[in-house]
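Residue numbers for the sequence shown follow the numbering used here, beginning at 4 and rising by one. Note that CB positions come from ideal geometry on N, CA and C, so glycine has one too. On a predicted model such as this, the values are computed, not experimentally measured, just so you know.
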Amino acid sequence: MIIKAFYKYLFILLFTIGFTSVQAQEFVMPLQRNALLDPYMPAQKNTFGSQREKHGVPHTQQLPFFDDFSRSGLYPNDTLWLNNYVYINKTFGINPPSTGVATFEGLDANGKAYTAGDQSTSSATTDTLTSTYIDLSPYADADSLYLSFYYQPQGFGTAEQRLTDSFILQFHPDSLLRKNKWDDSAWVTVWATPGIPGGQDFRQVMIPIRKLSSPNYFHNKFQFRFYAYGHRSGNLDQWHLDYVYVNRGRTKTKFENHDADITVEDVAISKPSGSILNKYYAMPVKQFLAGVANGNNPLASSVRVNISNNSISFPEKNVTFGYTVTNVETGQENSFSNSGVNVKALSQQTFELSNKAEPSLVSGTKTTLLVKTFAKNIPDNFGQNDTATHKQVFADYLAYDDGTAEGGYGLRGTNIGKVAVKFTLNTPDTLYGIAVHFNQANQYVGARSVNFGVWHKLTAVGAPEKDEFVEKISYVRPEYDGINGFTYFL
4 MIIKAFYKYL FILLFTIGFT SVQAQEFVMP LQRNALLDPY MPAQKNTFGS QREKHGVPHT
64 QQLPFFDDFS RSGLYPNDTL WLNNYVYINK TFGINPPSTG VATFEGLDAN GKAYTAGDQS
124 TSSATTDTLT STYIDLSPYA DADSLYLSFY YQPQGFGTAE QRLTDSFILQ FHPDSLLRKN
184 KWDDSAWVTV WATPGIPGGQ DFRQVMIPIR KLSSPNYFHN KFQFRFYAYG HRSGNLDQWH
244 LDYVYVNRGR TKTKFENHDA DITVEDVAIS KPSGSILNKY YAMPVKQFLA GVANGNNPLA
304 SSVRVNISNN SISFPEKNVT FGYTVTNVET GQENSFSNSG VNVKALSQQT FELSNKAEPS
364 LVSGTKTTLL VKTFAKNIPD NFGQNDTATH KQVFADYLAY DDGTAEGGYG LRGTNIGKVA
424 VKFTLNTPDT LYGIAVHFNQ ANQYVGARSV NFGVWHKLTA VGAPEKDEFV EKISYVRPEY
484 DGINGFTYFL
């Protein structure tokens, strides 16, 4: 679960939650629901399919076709893709070639399990991602067409894959000869991989698009699709897709046992920088300014810039990189850049630049800082992935997390289990409430209770209990439909 201390004013040093539920054993489980998608669903239902409704047929894309899922949003680009089952995010992939991945798992487009509560161990079709039409009618084998992509099993997903899971790529020809009959609705599997227990790094795959008597791919309504097999009962058996690219004039080669294309020139940001604060991801303006005033500056000493060199044309590329921190409300901005570093071919490096963000950026009753990191090199085929951004909010709450959940945390093996989360203040204040994201489980637990407590003094583990409570909230039922997945207790 995710926990925030929600404040107008604060003074509490220690915040805990208690579970009436185990010697206690901690565990992490996959999500059974993606609450971040809830606010987007009405708009998404109207957006996807709009191309078909407006024009009668899907939009036809000309080459090149490229999507690395680096643009903002939780759903695929509806000018390139015909469905929205996958989850676009910047948190589940481990070191992707560019910021943002498409995650395939057992949650539908609404962020809910396909078959909630299913205890089956068998694999079934989960998410799919289908391209719009691509006009390949002008091309032939001599044009050297390839579809390439990067994929990663599991990533930061909490459920390990099984050998019965799989990830599959199919092409849609104009027709396929089957049992002496032409089938214009057929899909042809051109690549597949089984589940990989333990996961692996992102790997690139390059698939040629060739002219065959049956099937024929050089037509004006060519399509491709990815789909996954796995558990359908939650955020399980994940596959992460990135850097999907279809174009002519490409050359496949091997680089350190990876498929690679010598024609690609690209340097990208692989992930956002992370919090620019020492300890928290969000904090009240009052607490931030008090820390600055008493010499306990909450700002981190450095800002991380995560760079991917996705090219092999040269052993190294010289990359200029840096960051900007902007107050969204006032427009005040601090920035810093480096004159250049060398990054090896098909590699990733993280560089730390001195944090030049000035405390004066944070003011008033609420401040939103937009943190942007960038990396640049010329030539560059895909300039849209040269930057990555995230927002940090200074309002009326403290939080360690970035507001997105990758898994659920809990206790088992005890009747009374307690978990404590410590918040250290820079000045006395008043606690008004807490916000909790409850992860849905396979089994119904809505009738079980959760107790919350705020401590002034907490007894060490194993010592006779002499806890000193400031406030208690007892026998609370888990709720799952709060704002952005959070339930607020005031």
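Just the Cα atoms here: how many angstroms apart are S305 and N330?
Between S305 and N330, the C-alpha separation is close to 18 angstroms.
Mark G237 as exposed unless 16 or more other C-beta atoms lie within 10 angstroms of its C-beta, in which case mark it buried.
Per the 10 Å Cβ criterion, buried.
I'd like the span of the alpha helix (DSSP H) that includes A296, first residue to last.
Taken as a continuous stretch (DSSP letters only), the alpha helix (DSSP H) holding A296 covers V288 to A296.
Alpha carbon to alpha carbon, how far is L302 from F2? Give it in angstroms, no decimals.
Nothing in the structure corresponds to residue 2, since the chain is present only between 4 and 493.
Going by DSSP, what residue range makes up the beta strand (DSSP E) through A189?
That residue, A189, is in no beta strand (DSSP E); it is neither H nor E in DSSP.
Beta-bridge partners of A271, as assigned by DSSP
DSSP output for A271 lists S311 as bridge partner(s).
Rounded to the nearest angstrom, what separates T256 and D262 at their Cα positions?
The straight-line gap from Cα to Cα measures roughly 6 angstroms.
Could you pull the DSSP bridge partners for W264 from this structure?
Residue identity differs from the one stated: residue 264 is Asp in this sequence, not Trp. Its beta-bridge partners are K255.
Here's a check: name, in chain order, each residue in its chain whose Cβ is nearer than 6 angstroms to the Cβ of K475, leaving out the five neighbours to either side.
The answer, listed in chain order, is G456.
Note down, one range per segment and in chain order, each beta strand (DSSP E) of at least 3 residues found wholly within the region 323-390.
When DSSP assignments are scanned along the region 323-390, the uninterrupted stretches of beta strand (DSSP E) that are 3 or more residues long and fall wholly within it turn out to be 336-347, 350-357 and 370-379.
Beta-carbon proximity of N506 to K274, cut-off 8 angstroms:
Residue 506 lies beyond the residue range present for the chain, which begins at 4 and ends at 493; the question has no answer from this structure.
When burial is assigned at 16 or more other CB atoms within 10 Å of the CB, is Q290 buried or exposed?
So Q290 ends up on the buried side.
Which residues mark the beginning and the end of the beta strand (DSSP E) in which L434 is found?
Its beta strand (DSSP E) spans residues L434 to H440.
Give the single residue among G96, Y326 and E468 whose Cα lies nearest to the Cα of E497.
Not covered by the structure: residue 497. The range shown for the chain is 4 to 493.
Suppose you measure from the CA of P318 to the CA of S340; what does that come to, to the nearest Å?
One alpha carbon belongs to P318, the other to S340, and they sit about 23 angstroms apart.
Tell me, which residues are paired with F174 by DSSP?
For F174, DSSP records a beta bridge to V191 and F227.
Which word fits G21, buried or exposed, when buried means at least 16 other C-beta atoms lie within 10 angstroms of its C-beta?
Only weak support exists for where G21 lies, its pLDDT of 38 falling under 50; the value from the coordinates is given anyway. Answer is buried; the Cβ neighbour count reaches 16.
Taking Cβ to Cβ, would you say S169 is nearer than 8 angstroms to T196?
A Cβ-Cβ contact shorter than 8 angstroms links S169 with T196.
Flag L292 as yes when its Cβ comes closer than 7 angstroms to any non-hydrogen atom of the ligand ATP, and as no otherwise.
Annotation note on the ligand ATP: not contained in the displayed structure, which lists no ligands.
Do the region 212-228 and the region 138-158 meet, that is, are 3 or more Cβ pairs less than 8 angstroms apart?
Enough Cβ pairs lie closer than 8 angstroms, so yes.
Going by CA-CA distance only, name the one from D71, G198 and P382 that's closest to T323.
Per the Cα distances, P382.
Count the other C-beta atoms from every protein chain shown that fall within 10 angstroms of the C-beta of T102, then say buried if there are 16 or more, exposed otherwise.
By the neighbour-count criterion, in which 16 or more other beta carbons inside 10 Å mark a residue as buried, T102 falls on the buried side.
Cutting at 6 angstroms between CB atoms, please list the residues of its own chain near K224, excluding the five before and the five after it.
So the list reads Y136, once near-sequence residues are dropped.
Classify S24 as helix, strand or coil using the three-state DSSP reduction.
With a pLDDT of 37 at S24, under the threshold of 50, the modelled position of that residue is not reliable, and no figure is offered here.
Which term fits A466, buried or exposed, when burial requires 16 or more other beta carbons within 10 angstroms of its beta carbon?
The residue in question, A466, is exposed, as its Cβ has fewer than 16 Cβ neighbours within 10 Å.
Go to E474, then tell me how far its beta strand (DSSP E) extends in each direction, as first and last residue.
Counting along the chain, the beta strand (DSSP E) containing E474 begins and ends at E471 to V479.
Please report the straight-line C-alpha distance between F258 and S151, rounded to a whole angstrom.
One C-alpha to the other measures close to 15 angstroms.
Candidates H222, P156, K282 and G76: closest to D404 by CA position
Minimum Cα distance to D404 is reached at K282.
Since I believe N358 is in contact with I272 (beta carbons under 8 angstroms), could you give me their beta-carbon distance rounded to a whole number of angstroms?
Wrong, their Cβ atoms sit about 17 angstroms apart, outside the cutoff.
So, with DSSP's three-state summary, where would you put A145?
Looking at A145 - three-state DSSP - the assignment turns out to be helix.
Given L401 as reference, the closest of L434, K379 and G411 once Cα atoms are compared
When C-alpha distances from L401 are compared across L434, K379 and G411, the shortest belongs to L434.
Alpha carbon to alpha carbon, how far is D432 from A296? Give it in angstroms, no decimals.
Answer to the nearest angstrom: the Cα atoms are 16 angstroms apart.
So is L166 buried or exposed if we call it buried at 16+ other beta carbons inside 10 Å?
For L166, the number of other beta carbons within 10 angstroms of its own is below 16, and it is reported as exposed.
Looking at V439 and N392, is the spacing between their C-beta atoms short of 8 angstroms?
Note that residue 392 is Thr in the sequence shown, not Asn. Cβ distance not < 8 angstroms, so T392 and V439 don't count as in contact.
With 16 other Cβ atoms within 10 Å as the buried cut-off, status of I505
Since the first and last residues shown for the chain are 4 and 493, residue 505 lies out of range.
Residues in its own chain within less than 6 angstroms of Y248 by CB, not counting five upstream and five downstream?
Spatial neighbours of Y248 in its own chain (CB-CB distance under 6 angstroms, excluding positions within 5 residues in sequence) are listed in chain order as F69 and S151.
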